[in-house]
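Number of protein chains: 2
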Amino acid sequence: MIYEDYGVFTPGPVKMSDDILAIGAKQTPYFRNEEFSKVLLNCESDLLQLLNAPNGSRVIFLTASGTAGLESVVMNLLGKTDNALVVNGGGFGERFVSLCQSYEKNYTECKVSQTDLTDIETLFDASKHNTFIVNAHETSVGHLYNLEAIGTYTKKNNLLNIVDAISMFLTDEIDMQKHNIDSVILSSQKGLALPPGLTMVVLNPKAIERVQDIQSHYFNFKNYLRDGLRGQTPYTPCVTIILQLEARLAQIKKDGGISVSIKKAKELAEYFREEIKELEYDFFTPYMPNAMTTLTPKNKSAMDIVIELETKHKLMVCPNGGALKDTIFRVSHMGDMNKKDIDKLVKALKEI
Amino acid sequence: MIYEDYGVFTPGPVKMSDDILAIGAKQTPYFRNEEFSKVLLNCESDLLQLLNAPNGSRVIFLTASGTAGLESVVMNLLGKTDNALVVNGGGFGERFVSLCQSYEKNYTECKVSQTDLTDIETLFDASKHNTFIVNAHETSVGHLYNLEAIGTYTKKNNLLNIVDAISMFLTDEIDMQKHNIDSVILSSQKGLALPPGLTMVVLNPKAIERVQDIQSHYFNFKNYLRDGLRGQTPYTPCVTIILQLEARLAQIKKDGGISVSIKKAKELAEYFREEIKELEYDFFTPYMPNAMTTLTPKNKSAMDIVIELETKHKLMVCPNGGALKDTIFRVSHMGDMNKKDIDKLVKALKEI
């Protein structure tokens, strides 16, 4: 088994708890029955509660990874007369833009940098648009946007607010009602700390009304909404990950809810940032999520550090590709992480 | 955990071996590196060997369930000038037809029953077609088609031969060269006996040449073929299932290869069919795969038997829906199954 004894600080997959892993070693049960329906309905209701979704909201469970969440939202929620403002502040914003282009949707690309969108009023012209699309945490560079400012803006301009929360759910605050969010995309292998392979799309009633008739079967929200009423999916779901999700959501509730989960991530992120203060690193952006810290080494190649951490210290942090390859690397604070894990990484960074 | 102590005879999920389950309890490693690339390349080469694929064949690894395999093949391999003969002998044939319809492909639906296509020459007119699509095992009713006859026919008529082998790979013979097959669809939770969530599409060079430019990102074969050269996928793969796949394929090789695996399934199927001979059941079709037996109770409702097996005997067999609800139920022989498992089921069937 590869990398079993490595410390994992990558933003997905993240470290999982022993309880969740134990479920991975159970036989997969048959799922076209009431027992499994109960599991899926439990997952839906717990997720909606954690997001403070309004009454009538629903969850679509896709057996697929995060990009399928982005793609399916573009396919299902943007009709011929819709027009979207799409925030592009990095690789995942770029992906939304590219999807809108491929599917010939009406959209305006909004390239941004050096802002968390607190100044959103001055940046975009929403007069011809009815939809807003953003990656709440642009994971490619570790940049968090201001969901409150976005919510105020989308409410004022009557925009359907679609938020990719894949790498900030459970570590940074997101509240569908407070932040005026209509659709949220989640994935299993980030803050939820489950194996990759499950992506969820949450729709409030306004977003449900937007769902289009589309060619795709596998990503057809109408069929998922229909079968989901009885706790089933149109096609074989990733049963094991869904059983792990149910256990994980129960654990979050037992531990005190989403605020406890966010507080823990915040403490870990702040602890890490404090501990490396004296070292030769800059923070890449001032708008850091609790989920992750992106570091710019002052005197070394980022990629060299990533490789040294892996080969000499058995610690996996996340490199960047392309133009940022030697400039930044990323350290996740998501998953079943504690201060001792961080101490190991800080110790290694001090030795490099 | 639901149904942990149940005997599972459903055609997916199937019973997994302890070795495979143990991998499900390991931390998911980071995957954008050479170590994981080696795993994926190993899986590709082992799968191609098991299928006796010709040189230059490739495997596309989709994090998705089986329908995504069917859908992606229709999307990627059927261009505007192509025209497919689509065999429809049940629910999964129907699904291919429905996909061709949704994507506005040129196709002819070939409804069949009471034949394993040994008489294929007399059934279809291939003169206007260049593609043939079939579910080798129509799992909805447990009906196996004759891949040799299909191969001879598609070769003679120069048809691209696309075979859904999801529920017959490793239990019934399939050989891409001997059977003149150009594309094969596989899924994790059938004969491979892994958790659901991974679907594979195998393409020989002729099928690779057919790959179209399509709108979809998540199902874009060109991107998978490109990234697959270095053992990677365009989007986060279901890492854990792929690690389980690597172990499973190594085990099959160690045990003597695909012929041993097929022989074992055949023995189990024949044993089960012999053991229930005296009971009040008919076989639904004479063209039975080794993967599964479909039974028609002579004097009882099939659904009543399914429920009694579950509630009184903790044994899960697979019911049918719709018109066949009371007529048939299905017993899988796939997965980590032995004669003792079958004895339990036969004993229960005798008591009903």
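Those sequence lines, one after another, are chains A and B.
Just so you know, the working numbering puts 1488 at position 224 of the first sequence, and the rest follows in order with no gaps.
Just so you know, the working numbering puts 1516 at position 252 of the second sequence, and the rest follows in order with no gaps.
All C-beta atoms in this analysis are idealised placements derived from N, C-alpha and C, irrespective of residue type, glycine included.
If you're wondering where the values come from, they're calculated on a predicted model, not measured in any experiment.
Handout entry: Beta carbon proximity, residue 1476(A) to chain B, threshold 7 Å
Key = Chain B contact via Cβ: absent.
Handout entry: Residue interval of the alpha helix (DSSP H) (run including residue 1426(A))
Key = Careful: residue 1426(A) lies outside any alpha helix (DSSP H), inside the beta strand (DSSP E) at 1424–1428.
Problem - Boundaries of the alpha helix (DSSP H) in which residue 1362(A) is found, first to last residue - result: For residue 1362(A), the enclosing alpha helix (DSSP H) has its first and last residue at 1355–1366.
Practice task
Could you work out which residues of chain B lie near residue 1286(A), taking near to mean beta carbons separated by less than 8 Å?
Solution key: Within chain B, the residues placing a beta-carbon under 8 Å from that of residue 1286(A) are 1289, ordered along the chain.
Practice task
Have a look at the DSSP bridge pairing and note the partners of residue 1494(A).
Solution key: Looking at the DSSP output, residue 1494(A) bridges to nothing.
Exercise for the section: Determine contact between the segment 1316–1330 of chain A and the segment 1592–1607 of chain B, defined as no fewer than three beta-carbon pairs at a distance below 8 Å. Expected result: no
Exercise for the section: Check whether the Cβ atoms of residue 1393(B) and residue 1349(B) sit closer than 7 Å, and answer yes or no. Expected result: yes
Exercise for the section: Would you kindly check if the distance between the Cβ of residue 1273(B) and the Cβ of residue 1581(B) is under 7 Å? Expected result: yes
Handout entry: Residue-level contact to chain A via CB, residue 1329(B), 7 Å cutoff
Key = Yes, because at least one Cβ of chain A sits closer than 7 Å to the Cβ of residue 1329(B).
Practice task
Quick one: list the residues of chain B neighbouring residue 1300(A), beta-carbon separation under 9 Å, in chain order.
Solution key: 1266, 1267
Handout entry: Closest Cα partner of residue 1447(B) within the set 1484(B), 1333(B), 1557(B)
Key = 1333(B)
Problem - Assigned exposure category for residue 1453(B) - 16 Cβ within 10 Å defines buried - result: buried
Handout entry: Start and end residues, beta strand (DSSP E) containing residue 1561(A)
Key = 1556–1561
Handout entry: 7 Å Cβ cutoff, residue 1416(A) in contact with chain B
Key = Not an interface residue.
Exercise for the section: Pick helix, strand or coil for residue 1535(A), following the three-state DSSP scheme. Expected result: helix
Practice task
Please state whether DSSP places residue 1307(B) in a helix, a strand or coil.
Solution key: helix
Practice task
Kindly identify the DSSP beta-bridge partner or partners of residue 1373(A).
Solution key: BP columns for residue 1373(A) point to 1350(A).
Handout entry: Any chain A beta carbon closer than 7 Å to residue 1332(B)
Key = yes
Exercise for the section: Starting from the C-beta of residue 1460(B), find all residues in its chain whose C-beta is less than 8 Å away, skip the five residues before and the five after it, and write them out in chain order. Expected result: 1276, 1277, 1329, 1451, 1452, 1453
Practice task
Say whether chain A places a C-beta atom closer than 7 Å to the C-beta of residue 1323(B).
Solution key: no
Problem - Residue from 1417(B), 1339(B), 1280(B), 1297(B) whose Cα sits closest to the Cα of residue 1481(A) - result: 1339(B)
Practice task
Indicate whether at least one CB of chain A lies closer than 7 Å to the CB of residue 1503(B).
Solution key: yes
Exercise for the section: Please list, in chain order, all residues of the same chain as residue 1286(A) whose beta carbon is under 6 Å from its beta carbon, the five residues on each side excluded. Expected result: none
Practice task
Measure the Cβ-Cβ separation of residue 1501(B) and residue 1327(B) and say whether it is below 7 Å.
Solution key: yes
Handout entry: Contact list for the segment 1359–1375 of chain B against chain A, Cβ threshold 9 Å
Key = Cβ contacts with chain A: 1359, 1362, 1363, 1366, 1367, 1368.
Practice task
Taking C-beta pairs closer than 9 Å, name the residues in chain B that residue 1657(A) reaches, listed in chain order.
Solution key: As displayed, chain A neither begins before 1265 nor continues past 1616, which places residue 1657(A) out of reach and without an answer.
Practice task
Compare the C-alpha of residue 1284(B) against each of 1578(B), 1343(B), 1516(B) and name the closest.
Solution key: Here the closest residue by C-alpha is 1516(B).
Exercise for the section: Output the distance between the C-alpha atoms of residue 1458(B) and residue 1462(A), rounded to the nearest integer angstrom. Expected result: When the Cα atoms are used, residue 1458(B) and residue 1462(A) turn out to be separated by approximately 16 Å.
Practice task
May I have the straight-line CA-CA distance separating residue 1600(B) from residue 1532(B), to the nearest angstrom?
Solution key: 11 Å
Problem - Buried or exposed (CB count within 10 angstroms, at least 16 for buried), residue 1357(B) - result: buried
Practice task
Compare the C-beta of residue 1561(A) with all C-beta atoms of chain B and state if any pair is closer than 7 Å.
Solution key: no
Practice task
Tell me whether residue 1573(B) sits in a helix, a strand or coil according to DSSP, three-state version.
Solution key: helix
Practice task
Give a yes or no on whether 7 Å exceeds the smallest Cβ distance from residue 1572(A) to chain B.
Solution key: no
Handout entry: Sub-7 Å separation of residue 1335(A) and residue 1363(A) beta-carbons
Key = yes
Practice task
Sort 1298(A), 1579(A), 1313(A), 1613(A) by Cα distance to residue 1266(B) and report the nearest one.
Solution key: For the residues 1298(A), 1579(A), 1313(A), 1613(A), the minimum Cα distance to residue 1266(B) belongs to 1298(A).
Practice task
Taking residue 1482(B) as the query, report the chain C residues whose CB atoms sit under 7 Å from its CB, ordered along the chain.
Solution key: This model lacks chain C altogether, as its protein chains are A and B.
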